[in-house]
Amino acid sequence: MKASIKLFRIAGIDIGVHYSWLFIFVFFWWTLAEGYLPQQHAGWSPAAYWLTAAVTVLLLFVSVLVHELAHSLVARARGMPVSSITLFILGGVSNLEEEPGKPMVEFTMALAGPVTSLLLALIFWGITRVLGTVTEPNYVAAAIAFLAYMNLVLGIFNLLPGFPMDGGRVLRSIIWGSTRSLSKATTIASIIGQVFGWGFIAYGVYLILRVDLFSGLWAAFVGWFLTSAAAASRKEVTYRERLAGVKVRELMNVNILAIAPDTTIQEMVTGIFQKKHDRAVPVCRNEQLIGIATITDVKKVPQEKWAVTPVKEIMTGAQLYTVTPDDSLNTALELITKHDINQVLIKNGDKCAGLLTRADIIRYLQTSQELGIPEKRNTDRQS
Ligand SMILES: [Zn+2]
């Protein structure tokens, strides 16, 4: 979820909206102002329809946000840091810094969202009961009734037991808890997620054939999204399980390639980047790791200065992302993904031990898959 606009911060969590939310905002605004509200409440002025619709959509946005905050706050209470929440076209995503390590944590975390939506639905419904006696035009009652309905839909939809929907996460945590196998649980929950996805697509096609083009396309889109998200989660867990059983040591280059800080850029380019096809190299002084130099760093210096500029002037020396030879490949890949970098440095104590790239890990996965090499050991996290 990168293409997003940061809005504000609540309880230390950055709240942002994905650009697709602008589309959903306009879509709901228009549907409410031109369709739903005039159908339900005749005789208002056009301005009243549009204004009530705008406020309602904003409150819908707040409802989705509260749902996501419920996930995040439960996660944090269970000791899992949450850095940000991004609202996008089909709800929201809480960006966890790590996956839940225990079935019970995932269970409560996943359930918190839909339960909150259902509670909101109940509260809004209660308010409409109180407001119900007031005579038309009742703009507030109209908005609240719609919000009660939407929160009910949000709560129920998210409880469908297909991964990666909340209900699917709940199901996964139950299977995970009873079988002790995260990969088995993810596989089952995401297959069900894919089945739901295909169901939505089929329903969408049915609606399109019934000439309800818009609802049909919408249902098909939701289905397509679910199917692909479920398939991606399944793949990712398979990879993670596979990588967790392998140590960095096993992929490490035996002949450590490192350079001294006083090497010139020119020497590094011709001696390493051009010859070995590497894109980065550790910088070490007396075997102590002090930095990393990459092709990106080189590009910032004009070519005529390469022969006179030492590598220490362009290298990254602070904030080095390192792993040890005994870490798993999974740990390395998590670092690479989290910080959006192409490689991590391998450090043995203080000593330079080399470099592990994203490409190394991918190549490892491809080769072992192509040759049908089984996973090294059962690496399911214990509850
Ligand atoms: Zn949720």
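Quick note on the working numbering: the sequence shown kicks off at 5 and runs consecutively.
We put the beta carbon where it would ideally sit given N, CA and C, even for glycine.
So, with DSSP's three-state summary, where would you put residue i?
{"i": "Gly441", "result": "Outside the shown range of the chain (5 to 387) lies residue 441, about which nothing can therefore be said."}
{"i": "Val162", "result": "Residue identity differs from the one stated: residue 162 is Asn in this sequence, not Val. DSSP places Asn162 in helix when its eight states are reduced to three."}
{"i": "Gly83", "result": "coil"}
{"i": "Phe229", "result": "helix"}
{"i": "Met5", "result": "Its pLDDT being 44, under 50, Met5 is placed unreliably by the model, and the measurement read from it follows with that caveat. Correct three-state label for Met5: coil."}
{"i": "Gly358", "result": "strand"}
{"i": "Thr383", "result": "Residue placement at Thr383 cannot be trusted, given a pLDDT of 45 that sits under 50; what the coordinates show is reported in the next sentence. If DSSP states are grouped into helix, strand and coil, Thr383 belongs with coil."}
{"i": "Leu91", "result": "strand"}
{"i": "Ser49", "result": "coil"}
{"i": "Ala322", "result": "coil"}
{"i": "Thr328", "result": "coil"}
{"i": "Leu375", "result": "coil"}
{"i": "Pro306", "result": "coil"}
{"i": "Lys106", "result": "coil"}
{"i": "Phe12", "result": "strand"}
{"i": "Pro314", "result": "strand"}
{"i": "Val241", "result": "helix"}
Counting only the same chain and skipping the five closest in sequence on each side, list residues whose C-beta sits under 7 Å from that of residue i.
{"i": "Arg253", "result": "Pro329 and Asp330"}
{"i": "Ala147", "result": "Thr56, Val59, Thr60 and Leu63"}
{"i": "Ala152", "result": "Ala125, Phe128, Trp129 and Thr132"}
{"i": "Trp54", "result": "Ala37"}
{"i": "Thr383", "result": "Because Thr383 sits at a pLDDT of 45, beneath the cut-off of 50, its placement in the model cannot be relied upon, and the following sentence gives the value as read from the coordinates. Hits under 7 Å: Glu245, Ala248 and Gly249."}
{"i": "Ser387", "result": "Because the pLDDT at Ser387 is just 35, under 50, the model does not fix this residue reliably, and the value given afterwards should be weighed accordingly. Result list for Ser387: Lys106, Pro107, Gly181 and Arg184, in chain order."}
{"i": "Trp33", "result": "Ala57, Ala58 and Val61"}
{"i": "Met272", "result": "Ile263, Val285, Ala297 and Val315"}
{"i": "Thr371", "result": "none"}
Keeping to the same chain, check which residues put their C-beta closer than 8 Å to that of residue i; ignore five residues upstream and five downstream.
{"i": "Ala116", "result": "Ala74, His75, Leu77 and Val78"}
{"i": "Ala206", "result": "Gly227"}
{"i": "Asn3", "result": "Since the first residue shown for the chain is 5 and the last is 387, residue 3 is missing from the structure and cannot be characterised."}
{"i": "Gly203", "result": "Gly227"}
Measuring alpha carbon to alpha carbon, tell me which residue in the options is nearest residue i.
{"i": "Ala284", "options": "Leu261, Val305 and Glu291", "result": "Leu261"}
{"i": "Leu369", "options": "Thr268, Ala297, Ala15 and Glu245", "result": "Glu245"}
{"i": "Ile19", "options": "Ala81, Leu41 and Phe92", "result": "Phe92"}
{"i": "Pro3", "options": "Pro118, Leu333, Thr320 and Gln270", "result": "Past the boundaries of the shown model lies residue 3; the chain is included only from 5 to 387, so the question cannot be answered."}
{"i": "Gly201", "options": "Pro165, Pro42, Ser219 and Arg214", "result": "Pro165"}
{"i": "Val226", "options": "Gly353, Phe161, Ser187 and Lys251", "result": "Phe161"}
{"i": "Leu26", "options": "Thr335, Ala37, Ile9 and Ile14", "result": "Ile9"}
{"i": "Phe277", "options": "Ile263, Asn290 and Met154", "result": "Ile263"}
{"i": "Thr274", "options": "Thr112, Ala311 and Met84", "result": "Ala311"}
{"i": "Leu337", "options": "Gly376, Cys356, Ser177 and Tyr243", "result": "Tyr243"}
{"i": "Gln466", "options": "Ala52, Leu360, Ala145 and Phe150", "result": "Residue 466 lies beyond the stretch modelled for the chain, which goes from 5 to 387, so this question has no answer here."}
{"i": "Val66", "options": "Ile345, Ile89, Ile179 and Leu175", "result": "Ile89"}
{"i": "Ser232", "options": "Met169, Ala357 and Met154", "result": "Met169"}
{"i": "Thr320", "options": "Ser219, Arg214, Ser177 and Ile345", "result": "Ile345"}
{"i": "Asn259", "options": "Ala357, Gly47, Leu41 and Thr120", "result": "Ala357"}
{"i": "Val157", "options": "His71, Ile318, Leu255 and Ser24", "result": "His71"}
{"i": "Ala189", "options": "Val134, Ala363, Ala234 and Ser332", "result": "Ala234"}
{"i": "His281", "options": "Gln292, Thr268, Thr267 and Ile299", "result": "Ile299"}
{"i": "Gly220", "options": "Ser177, Leu339 and Val209", "result": "Val209"}
{"i": "Glu400", "options": "Thr268, Ser332 and Ser237", "result": "It is not possible to answer for residue 400, since the shown part of the chain is limited to 5 through 387."}
Going by DSSP, what residue range makes up the beta strand (DSSP E) through residue i?
{"i": "Ile17", "result": "Ile17 to His22"}
{"i": "Ile350", "result": "Gln347 to Asn352"}
Tell me which same chain residues have a C-beta within less than 6 Å of the C-beta of residue i, skipping the five on either side of it?
{"i": "Gly172", "result": "Pro165, Gly166, Ala193 and Gly197"}
{"i": "Leu122", "result": "Gly159"}
{"i": "Gly181", "result": "Pro107"}
{"i": "Ser187", "result": "Val241 and Glu245"}
{"i": "Asn142", "result": "none"}
{"i": "Leu324", "result": "Leu349"}
Looking at the secondary structure, which residues open and close the alpha helix (DSSP H) in which residue i lies?
{"i": "Val285", "result": "Val285 -> not in any alpha helix (DSSP H); beta strand (DSSP E) instead, spanning Ala284 to Arg289."}
{"i": "Met272", "result": "Ile269 to Met272"}
{"i": "Phe200", "result": "Leu186 to Leu213"}
{"i": "Asp216", "result": "Unbroken run through Asp216: none, as it is neither H nor E."}
{"i": "Asp170", "result": "Asp170 to Thr183"}
{"i": "Pro42", "result": "Leu41 to Gln44"}
{"i": "Lys342", "result": "Leu333 to Lys342"}
{"i": "Val252", "result": "Val252 to Leu255"}
Residue i and residue j look like a contact to me (Cβ under 8 Å); what is the Cβ gap, rounded to whole Å?
{"i": "Ile294", "j": "Val302", "result": "At roughly 18 Å, the Cβ-Cβ gap does not stay under 8 Å, so Ile294 and Val302 are not in contact."}
{"i": "Val315", "j": "Pro265", "result": "6 Å"}
{"i": "Lys342", "j": "Thr326", "result": "Contact flag wrong, Cβ pair sits at about 14 Å."}
{"i": "Ile17", "j": "Val86", "result": "6 Å"}
{"i": "Lys109", "j": "Arg80", "result": "Per the sequence shown, residue 109 should be read as Val rather than Lys. About 11 Å separates the two Cβ atoms, so there is no contact after all."}
{"i": "Asp354", "j": "Leu255", "result": "Incorrect: roughly 21 Å between the Cβ atoms, too far for contact."}
Which residues have their C-beta within less than 6 Å of a heavy atom of ligand 3, listed in chain order?
Ligand 3 is absent from the structure shown, which contains only ligand 1.
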